[in-house]
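From first to last, the protein sequence lines are chains G and P. Just so we're aligned, residue 22 is where the first sequence starts under the working numbering, counting upward by one. Just so we're aligned, residue 142 is where the second sequence starts under the working numbering, counting upward by one. Beta carbons are placed, not taken as given, at the ideal position from N, Cα and C, and that holds for glycine. None of the values given here were measured: they were computed from a predicted structure. What follows is a short report on a single structure.
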Amino acid sequence: MAEGHATTNQGSSRLQSNAPTGDITTGWDRHKFDLKLVNPSNKRKFNIIVVGTGLAGASAAASLAELGYNVKAFCFQDSPRRAHSIAAQGGINAAKNYCNDGDSVWRLFYDTVKGGDFRARESNVYRLASVSTNIIDQCVAQGVPFQRDYGGLLANRSFGGAQVSRTFYARGQTGQQLLLGAYSALMRQVDLGKVKLFARREMLDLIKVDGVARGIVVRNLVTGEFESHTGDAVLLATGGYGNVFYLSTNAKGCNVTAAWRCHKRGAFFANPCFTQIHPTCIPVSGDHQSKLTLMSESLRNDGRVWVPKRPGDARPANEIPDDDRDYFLERRYAAFGNLVPRDVASRAAKKACDEGFGVGETKLSVYLDFRDTIKRDGAAVVKGKYGNLFQMYAKITGEDPYSTPMRIYPAVHYTMGGLWVDYNLQTTIPGLYCLGEANFSDHGANRLGASALMQGLADGYFVIPYTIGHHLATSKLPKIADDHPDVRGAVEAAKARVAKLLGIQGSRSVESFHRALGKIMWEKCGMARNDAGLKIAEQEIAALRHEFWNNVRVMGTGEAFNQNLEHAGRVADFLEFGELLVHDALTREESCGGHFREEHQTDENEAKRNDADFCHAAAWEYTGGHDSFTGEKEQLHKEPLEFENVHLTTRSYRE
Amino acid sequence: MSSSRGLNLTLKIWRQPGPNARGEFRTYEMKNISPDMSFLEMLDVLNEQLIQKKEEPVAFDHDCREGICGMCSLMINGQAHGPDRATTTCQLHMRRFSDGDTIVIEPWRAEAFPVIRDLATDRAAFDRIITAGGYVSVNTGNAQDANCLPVGRDRQEKSMAAAACIGCGACVAACKNASAMLFVSAKVSQLALLPQGEPERARRVTRMVAQMDKEGFGGCTNTYECEAACPAEVSVSNIARLNREYLRAVVVSEEGV
């Protein structure tokens, strides 16, 4: 256990969840009734800043504008439609029970709490499950072309961690269609003059006045100019931090900067060590690799995962008979088979490769085989379901998955940790809200497939429109002038930091620092973690960060379009954040969900939770820096998690 | 896969320091490029080499690198997104090229997409076209149960095929007229095919077409380069539907446009 924290088993008084108590099924309704409202004619007096235009940001910005608030929406991409929600493939969960197979809000709630390995807040998860059905209705009304059956009604498929079919989908590009739906709602509000759009802007700091979030500092990425924008509340919907690992399924631009800047201004960062490694990604092909590509989890509906029984079996996959194959997921997890949750599937693949059973040139992959499904249903049916995924695989690898099995290996995909938020999605800074992947609230230690889209849209369409009014109605929010000292101070700080990055003029590229950080993270804080490795990682990251600030070479100037400078700022923040992530992993002395500490496993190599000591969300407070060289630590606060409805049990997908 | 098949290439890349600066082609020699690299990874390698030489790296737009965000672009040897059909630049791999090849790399060429720097262009015109009507007017909370509105499977699939547009702008870049008809028709078709799009059908198409013209995109002369260049395989039959929708809107619609 790392030292230096004020740790108690009681919850921190700084973390008030504001979650409703009592009957969980009526909690959200009762809570909504207790929230103060802003009357319709007053709404136009409030200005809301939304950072990020993915599912959470676009849906929030559109919904708030529809209510009458004035919204400014920001994204670093050239258009809000580029946000990385667009890359989600498989689908979105909703407890519609259209399949008549026993689904219900309660079951979706139960599956999500269990899938998250009992490290999520029950009340939030219940609310998520209960609004899931409204999301599908809303998206269909927008014209999202979900897959349908011949009768014209919506089709469903199944996903990992569930025994019902509750996943709605649009080919293998569900995220794209949902995002374009939210984007269209957003652009409609731009048309109506209620949303002002600021693309190619990167948030570099939060403006706080009297302890309340009142604005942001952004850099115009085309001109290099710094701009301040003030308002009555700030919403962060800036996505996850998977790129701290360098190689991940995230888009190249995904970063932790906005969240980290807010953390340094006082927003607690919760459970950063909860990172999700997705089992079905295309393996690394060489040192040039710049990102990893996911193959949708839906493939595990029909694909069978296996390795040869004999290590190093050199025969082509198709010549290895069934008797010589180990379908290890089906063997180890009879009840769920190939559809076990992501963390379980990923660790099983890693174990197979670690023990020498891996396939392909690097021996770091396992087969995902469609032979039996093609034989049963025909290639045309498989093409209809997964055509674009098969095509993508063929393009990247140069291999034909219809005739040879795919090779897959786990890759960093999603981050369950994020800024700590209460039931209203408010961070520990009043007036600063955090939505979607950027917050920590709903997925615990592992997210189930098709639940990210659900959460992003739940937060944006159906939670924040209710909860933000309470802040606006109950706070004193005097107008902030552009030359207010706190505004000027934040702008000057952002400018100084950019100037510092440009002034170092060292010899090592930003890219090489990012790759080096990613290697440390993946090797020592990836799918499996242990005390010794994490301690070394902390030291290595600190050393790398010190080298960065002395030896990085950033080209060009600050007064122009400068992608090298953008990357430098993001890597600088990852180098600070990475150490906190590792420290959180070191501090959490248990295994749960995506966080697997080798010291804490069962005899069957499954994750072993420690509910007595770690049934809490770990929320870190910035207290001047976290640095293994100087011994500085962040302050740990704990929010105890209580499970009154889904009782704490050992997660099992075996029977 | 083996790296012994490394390629030696000559790149001719458009360099332009800013929107109003004069641009020029610069030549770069690349050695031992792995055929397993993506095209953008090859440019990453070039940029690392330039930084080592204290030269400014080449600016190019990219983000998801899995063919869906629509941020990457590039005219590669005169073809939008390069030689492969149904493939974005980020999904193009170097195994498609041969040792000794010269590759010419330019930004999208269209007046409505001005160059920001080097290979990066400003495609905000597309956002403004969507703003003019590429949506269904339904506020959050208005929706009825999703299954109250059946949509026949064929119609849904046609709508989805149009909705697959990634908004990259290859159709414009490939067109000798820099026409945005394929892009506009994709959104108009998606919504015209669905009952949800019905109430605003005429208003949508007339406003989107007016915005398209205002942005300076050219007209369509049916050469179908757009379809050939489209990484999402959006069909030119959508342009025919756009024309029908437009005609219907201005001639017979009772929507009052």
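Name, please, each residue of chain P whose Cβ falls closer than 7 Å to the Cβ of LYS273 (chain G).
HIS203, ASP204, ARG206
Do the segment 200-210 of chain P and the segment 97-115 of chain G touch if we need at least three Cβ pairs shorter than 8 Å?
yes
Among the residues of its own chain, which have a CB less than 7 Å from the CB of THR495 (chain G), if the five just before and after it don't count?
LYS57
What does the alpha-carbon distance come out to for the pair MET436 (chain P) and GLN447 (chain G)?
Examination of residue 436 (chain P) is not possible in this model, given that chain P is present from 142 through 398 alone.
Can you give, in chain order, each stretch of the alpha helix (DSSP H) that sits fully within the segment 89-144 of chain G and has at least 4 residues?
126-136
Are the CB atoms of SER330 (chain P) and ASN384 (chain P) within a distance shorter than 8 Å?
no
Taking only the alpha-carbon atoms, compute the straight-line gap between LEU257 (chain G) and GLY399 (chain G) and give it to the nearest angstrom.
46 Å
Select from the segment 145-177 of chain G all residues with a C-beta closer than 7 Å to any C-beta belonging to chain P, and list them in chain order.
ILE157, ASP158, GLN159, VAL161, ALA162, GLN163, GLY164, PRO166, ARG169, ASP170, TYR171, GLY172, GLY173, LEU174, LEU175
What do you reckon, are the CB atoms on VAL326 (chain G) and TYR348 (chain G) nearer than 8 Å?
yes
Member of G:MET413, G:GLY554, G:ALA640, G:PRO300 whose CA lies at the smallest distance from the CA of CYS231 (chain P):
G:MET413
C-beta contact flag for LEU181 (chain P) and VAL199 (chain P) at 8 Å:
no
Just confirm the distance between the C-beta atoms of GLU197 (chain P) and GLY590 (chain G), as a whole number of angstroms; I'd bet it's less than 8 Å.
No, GLU197 (chain P) and GLY590 (chain G) are not in contact; Cβ-Cβ is about 17 Å, not under 8 Å.
If you measure between the beta carbons of ARG269 (chain P) and GLU395 (chain P), is that distance less than 8 Å?
no
The alpha helix (DSSP H) with VAL484 (chain G) in it runs from where to where?
Element bounds for VAL484 (chain G): n/a, residue is neither H nor E.
Quick check on ASN363 (chain P) - is its C-beta less than 8 Å from some C-beta in chain G?
no
What would DSSP say about PRO451 (chain G), mapped onto helix, strand or coil?
coil
What are the start and end residues of each continuous beta strand (DSSP E) run of 3 or more residues lying completely inside the segment 564-604 of chain G, in chain order?
none
Any beta carbon of chain G sitting closer than 8 Å to that of PRO340 (chain P)?
no
Interface partners of TYR482 (chain G) on chain A, CB under 9 Å
Looking at the structure shown, chain A is missing, and the protein chains on hand are G and P.
Pull the bridge partners of THR195 (chain G) from the DSSP assignment, please.
According to DSSP, which records beta bridges pairwise, THR195 (chain G) is partnered with nothing at all.
Determine, using beta carbons only, whether SER269 (chain G) and VAL403 (chain G) come nearer to each other than 8 Å.
no
Please check if any C-beta of chain G sits within less than 8 Å of the C-beta of PRO224 (chain P).
no
Measuring CA to CA, which of G:LEU493, G:TYR131, G:GLU587, G:ARG518 is closest to LYS64 (chain G)?
G:LEU493
Same chain only: Cβ atoms within 7 Å of GLY123 (chain G), ignoring 5 sequence neighbours per side:
VAL185
If contact is defined by three or more beta carbon pairs under 8 Å, each pair taking one atom from either stretch, is the segment 240-259 of chain G in contact with the segment 528-537 of chain G?
no
Can you round the beta-carbon distance between ILE154 (chain P) and ARG163 (chain P) to whole angstroms, since I take them to be within the 8 Å contact cut?
Between ARG163 (chain P) and ILE154 (chain P) the Cβ distance is about 15 Å, and since that is not below 8 Å, they are no contact.
Burial state of TYR204 (chain G) (16 or more Cβ within 10 Å)
buried
Considering Cα atoms alone, identify which of P:THR362, P:ARG146, P:GLY211, P:ALA373 is closest to LYS172 (chain P).
P:ARG146
Within this structure, are the beta carbons of ARG187 (chain G) and ALA176 (chain G) separated by less than 8 Å?
no
Can ILE557 (chain G) and LYS540 (chain G) be called in contact, C-beta distance under 8 Å?
no
Residue span of the alpha helix (DSSP H) that contains PHE267 (chain P), given as start and end:
265-272
Does DSSP classify HIS26 (chain G) as helix, strand or coil?
For HIS26 (chain G), the predicted structure reports a pLDDT of 42, less than 50, and the residue's modelled location is therefore unreliable. The matter cannot be settled from this model.
Could you tell me the boundaries of the alpha helix (DSSP H) in which PHE349 (chain G) lies?
349-353
Quick one: which chain P residues come within Cβ less than 9 Å of MET427 (chain G)?
Result: empty, since nearest Cβ-Cβ is about 15 Å, beyond 9 Å.
Cross-chain neighbours of GLY275 (chain P) in chain G, by beta carbon under 8 Å:
SER205, MET208
Can you name the start and end residues of the alpha helix (DSSP H) that MET542 (chain G) belongs to?
531-546
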